[in-house]
Amino acid sequence: MPDPAGGAAAPSSAKTIALTFPDGARRDYPDNITGLDIAKGISPSLAKRTVAMALDGRLADLADPIEHDAKIEFVSREDPRALELIRHDAAHVLAEAVQSLFPGTQVTIGPVIENGFYYDFFRNEPFTPEDFSAIEKKMREIVARDRPFTKEVWSREQAKETFGKMGERFKLELIDAIPADQSIKIYKQGDWFDLCRGPHMTSVGKVGNAFKLMKVAGAYWRGDSNNPMLTRIYGTAFAKQDELDAYLKQIEQAEKRDHRKLGRELDLFHFQEEGPGVVFWHAKGWSLFQTIIAYMRRRLEGEYDEVNAPQMLDKSLWETSGHWGWYRENMFAAQSAGDEAEDKRWFAIKPMNCPGHVQIFKHGLKSYRDLPIRLAEFGMVHRYEPSGALHGLLRVRGFTQDDAHIFCTEDQLAEECLKINDLILSVYADFGFTDDIVIKLATRPEKRVGTDAMWDHAEGVLKTVLERIARQSGNRIKTGVNPGEGTFYGPKFEYVLRDAIGRDWQCGTTQVDFNLPERFGAFYIDAHGEKKQPVMVHRAICGSLERFTGILIEHHAGHFPLWLAPRQIVIATITSDADDYAREVLKAAKQLGLRADLDLRNEKINYKIREHSLAKVPVLLVVGRKEAETKAVSMRRLGSEKQTVMPLDAALGSLAAEAVPPDVKRVQAAA
RNA sequence: GCUGCCGUAGCUCAGUGGUAGAGCACCCCCUUGGUAAGGGGGAGGUCGUAAGUUCAAUCCUUACCGGCAGCACCA
Numbered sequence: 037m038p039d040p041a042g043g044a045a046a047p048s049s050a051k052t053i054a055l056t057f058p059d060g061a062r063r064d065y066p067d068n069i070t071g072l073d074i075a076k077g078i079s080p081s082l083a084k085r086t087v088a089m090a091l092d093g094r095l096a097d098l099a100d101p102i103e104h105d106a107k108i109e110f111v112s113r114e115d116p117r118a119l120e121l122i123r124h125d126a127a128h129v130l131a132e133a134v135q136s137l138f139p140g141t142q143v144t145i146g147p148v149i150e151n152g153f154y155y156d157f158f159r160n161e162p163f164t165p166e167d168f169s170a171i172e173k174k175m176r177e178i179v180a181r182d183r184p185f186t187k188e189v190w191s192r193e194q195a196k197e198t199f200g201k202m203g204e205r206f207k208l209e210l211i212d213a214i215p216a217d218q219s220i221k222i223y224k225q226g227d228w229f230d231l232c233r234g235p236h237m238t239s240v241g242k243v244g245n246a247f248k249l250m251k252v253a254g255a256y257w258r259g260d261s262n263n264p265m266l267t268r269i270y271g272t273a274f275a276k277q278d279e280l281d282a283y284l285k286q287i288e289q290a291e292k293r294d295h296r297k298l299g300r301e302l303d304l305f306h307f308q309e310e311g312p313g314v315v316f317w318h319a320k321g322w323s324l325f326q327t328i329i330a331y332m333r334r335r336l337e338g339e340y341d342e343v344n345a346p347q348m349l350d351k352s353l354w355e356t357s358g359h360w361g362w363y364r365e366n367m368f369a370a371q372s373a374g375d376e377a378e379d380k381r382w383f384a385i386k387p388m389n390c391p392g393h394v395q396i397f398k399h400g401l402k403s404y405r406d407l408p409i410r411l412a413e414f415g416m417v418h419r420y421e422p423s424g425a426l427h428g429l430l431r432v433r434g435f436t437q438d439d440a441h442i443f444c445t446e447d448q449l450a451e452e453c454l455k456i457n458d459l460i461l462s463v464y465a466d467f468g469f470t471d472d473i474v475i476k477l478a479t480r481p482e483k484r485v486g487t488d489a490m491w492d493h494a495e496g497v498l499k500t501v502l503e504r505i506a507r508q509s510g511n512r513i514k515t516g517v518n519p520g521e522g523t524f525y526g527p528k529f530e531y532v533l534r535d536a537i538g539r540d541w542q543c544g545t546t547q548v549d550f551n552l553p554e555r556f557g558a559f560y561i562d563a564h565g566e567k568k569q570p571v572m573v574h575r576a577i578c579g580s581l582e583r584f585t586g587i588l589i590e591h592h593a594g595h596f597p598l599w600l601a602p603r604q605i606v607i608a609t610i611t612s613d614a615d616d617y618a619r620e621v622l623k624a625a626k627q628l629g630l631r632a633d634l635d636l637r638n639e640k641i642n643y644k645i646r647e648h649s650l651a652k653v654p655v656l657l658v659v660g661r662k663e664a665e666t667k668a669v670s671m672r673r674l675g676s677e678k679q680t681v682m683p684l685d686a687a688l689g690s691l692a693a694e695a696v697p698p699d700v701k702r703v704q705a706a707a
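Mind the numbering: the first sequence is residues 37 to 707 in the working numbering, read in order.
Okay, structure coming up:
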């Protein structure tokens, strides 16, 4: 596409172009007329409130000459599409402010991101949040000055000379990276200017004052850890102050559901210094964790064989599998600790379950009639994750996978992938993730094993399967591709789900592996009595159960549905007169399999209500003398201030019915 | 791992170059109160670890450990 600014100097007069307006009107204009001229021609007020235009849906500078027939729309500052312009312009304002306050700081890039923008700077002394108020103040000055954004197209030489003289070595690198057929665009805002592909609004003042600098962080130049570390300043900007306020409030809400905070508050788990990245599960957290595993076990029944492979194995096995070569840096290994011990071999603590499962498959001759063989394991694996990657339950060094490996023939591969898909989607639905599930096909990475033919084949199968999944779901399931993101041994599907506040989590995965069976010499006997190599499919649904538990905590904000809640009911007495009856209620609840506790403390009911509400207990059964006399309970649900007095049996009966896990409910409904 | 910030009681946090405080939680006493904090009292800390500077370090310096944010990584 020719650069719109390219011909700005020489407007031709003979040609005309036809522009279509949002209301459908079509009008002819002289070639190279600018959006601004058109807007002015329509009405001065339109010109005044327009900050940019969209040509055939693509945002462009209002001052750009228009060279083609197009659909044209004028974008006001309030238009949702203007938000990215506001943010991008704010990034430029940030850069100018920083360079004016901290001379010698070099600029690099400053893109718009999901919730705002950032700008990466190079400076020996990094910025701190204490610098923010001064920078924001300077930014407000620059905005108030309201200089127009003007675009210039420079020659490569001019650009390199100018930025070279300024000592902007990162900009020089960027200029070199711009393809030869693209022009070098410079946006000026008063005296300050930046290399930028645009577009921008008409003037700096349009940024407004609803912006805020959020945080500083290091970031590698061009995202490569071999490159120098830059200082990144994150900010956000909105069209209006109340939108900014709402966004800040939303961040606060997200912080409240942080699983690390809730884990402490709800007494679910903890971490401590001696065990970086490994979880101490407390009773309530372990209950939740085990509820999830029990659920998964039920879902595997009849289809999978659950096995358990050793926690550590001689390193030679990992050399064979290839993990020692590929991932040694990220593995733990152990030896006998005694100085005098004779056996000083290295044992690798398993980072994956697959080599163990191959050993189980290999044990004894397998016939094609046995396939597919589906081996599942809730295996605890350990990986030496980089210290900076650790993050509560979401990234740990020791975790439990809901792992399985399927050994099948090539003919069975597609069918197996579809079966796995059905299971994954059904499990997600049971956990409350029904919409916005995305499946991505991750294709061959640069570092990989196996022949191209093998990869072609495996990717081909997955692609076909993925298309079928999308079709079957009536295109409810969205699909995509992650080029180069496959594992070293094969391509994979990544299942991404979206939580209650719109965050995406990659959980499930289906990975095709032609590599491990070959490395370990796994085979089966086919119908002609020949040895054949099985295809192996690695599959996880929740992925790391620790992580999945963390996601569930955040998804529900600790307010779990009854079937998951570690403590479903607390029976609280009003006075000690009701103690005996409360014990009766507890016994009856436990007989129905409900997880219930008693609160007989000598405290006022207000106090008890408050405490258990803060602990997010889903159901409070309050009993006093009245209830004891009538064999009733006063039920109060978490999040509600209403109480319902019900006969004991009816209350417990309905709670027990509600607490049945969703998969069991389905079975009950079918029966 | 990299950059920056942080580490004081179970939790949330205040504080000082002369070895520490608050609120909540905890324990004890009084209170038996009908749906989100009743009252009083008490106990609790080698101020992350180690070295250095200093007459003196929780406070200053360095290293290490751990955490937080982001980056990089994630079989």
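The beta carbon of each residue, even a glycine, is placed where N, CA and C say it ideally should be.
If you're wondering where the values come from, they're calculated on a predicted model, not measured in any experiment.
Which same chain residues end up closer than 6 Å to residue i when comparing Cβ atoms and leaving out the 5 residues on each side of it in sequence?
| i | result |
| --- | --- |
| residue 343 | 396, 411 and 413 |
| residue 35 | Nothing can be reported for residue 35: it is not among the residues displayed for the chain, which extend from 37 to 707. |
| residue 274 | 246 and 280 |
| residue 85 | 112 |
| residue 56 | 62 and 107 |
| residue 299 | 305 |
Please work out which residues of its chain come closer than 8 Å, Cβ to Cβ, to residue i, disregarding the five sequence neighbours upstream and downstream, and give them in chain order.
| i | result |
| --- | --- |
| residue 272 | 123, 151, 152, 153, 247, 248, 250, 280 and 283 |
| residue 499 | 477 |
| residue 52 | 64, 65, 66 and 67 |
For residue i, is the classification buried or exposed, using 16 other Cβ atoms within 10 angstroms of its Cβ as the cut-off for buried?
| i | result |
| --- | --- |
| residue 155 | buried |
| residue 202 | exposed |
| residue 700 | exposed |
| residue 703 | exposed |
| residue 22 | As shown, the chain starts at 37 and ends at 707. That puts residue 22 outside it, with no answer to give. |
| residue 361 | exposed |
| residue 295 | buried |
| residue 334 | exposed |
| residue 687 | buried |
| residue 382 | exposed |
| residue 652 | buried |
| residue 77 | exposed |
| residue 574 | buried |
| residue 546 | buried |
If I measure Cβ to Cβ from residue i and keep anything under 7 Å in the same chain, skipping five residues before and after, which residues do I get?
| i | result |
| --- | --- |
| residue 484 | 524 |
| residue 82 | 75 and 110 |
| residue 104 | 53 |
| residue 408 | 442, 443, 444, 448 and 452 |
Suppose contacts are defined by Cβ-Cβ distances below 9 Å. Is residue i in contact with residue j by that definition?
| i | j | result |
| --- | --- | --- |
| residue 148 | residue 111 | no |
| residue 261 | residue 555 | no |
| residue 199 | residue 267 | no |
| residue 117 | residue 90 | yes |
| residue 129 | residue 225 | yes |
| residue 599 | residue 698 | yes |
| residue 394 | residue 527 | no |
| residue 421 | residue 481 | no |
| residue 324 | residue 237 | no |
| residue 367 | residue 405 | no |
| residue 708 | residue 572 | Given a span of 37 to 707 for the chain in the structure shown, any question on residue 708 remains unanswerable. |
| residue 392 | residue 345 | yes |
| residue 577 | residue 474 | no |
Legend entry - Segment contact flag, the stretch 530–545 with the stretch 373–380, C-beta cutoff 8 Å, min 3 pairs: Using a Cβ-Cβ distance cut-off of 8 Å, the stretch 530–545 and the stretch 373–380 are not in contact, since fewer than three pairs of beta carbons, one from each stretch, lie closer than that value.
Inset, instruction - Taking 8 Å as the threshold, find out whether the stretch 604–623 comes into contact with the stretch 314–321 through three or more Cβ pairs. - result: No, because fewer than three Cβ pairs between the stretch 604–623 and the stretch 314–321 fall closer than 8 Å, the two stretches do not touch.
Legend entry - Stretch-stretch touch, CB-based, cutoff 8 Å, three pairs: the stretch 665–680 with the stretch 622–630: no
Legend entry - alpha helix (DSSP H) runs wholly inside the stretch 167–245, at least 4 long, in chain order: 168–181, 192–201 and 205–213
Legend entry - Inter-stretch contact at 8 Å, needing at least 3 Cβ pairs: the stretch 563–576 / the stretch 585–604: no
Inset, instruction - Give, in chain order, every unbroken run of the beta strand (DSSP E) that is at least 3 residues long and sits entirely within the stretch 629–669. - result: Runs of the beta strand (DSSP E) inside the stretch 629–669: 632–635 and 655–659.
Inset, instruction - Please list the segments of the beta strand (DSSP E) lying wholly inside the stretch 84–150, counting only runs of 3 or more residues, in order along the chain. - result: 86–91, 94–96 and 106–112
Legend entry - Given 8 Å, three or more beta-carbon pairs between the stretch 287–304 and the stretch 185–197: no
Inset, instruction - Taking 8 Å as the threshold, find out whether the stretch 317–325 comes into contact with the stretch 295–307 through three or more Cβ pairs. - result: yes
Inset, instruction - Report yes or no: do three or more beta-carbon pairs, one from the stretch 500–508 and one from the stretch 442–462, lie closer than 8 Å? - result: yes
Inset, instruction - Mind the definition here: the stretch 458–469 touches the stretch 486–496 only if three or more C-beta pairs lie below 8 Å; say whether that holds. - result: no
Legend entry - Length at least 3, wholly inside the stretch 563–608: the beta strand (DSSP E) runs in chain order: 571–580
Inset, instruction - Only counting runs of 3 or more residues, tell me where the beta strand (DSSP E) segments fall wholly within the stretch 58–82, in order along the chain. - result: The stretch 58–82 contains these whole beta strand (DSSP E) runs: 62–66.
Inset, instruction - Note down, one range per segment and in chain order, each alpha helix (DSSP H) of at least 4 residues found wholly within the stretch 332–389. - result: Whole alpha helix (DSSP H) segments, 4+ residues: 351–357 and 359–363.
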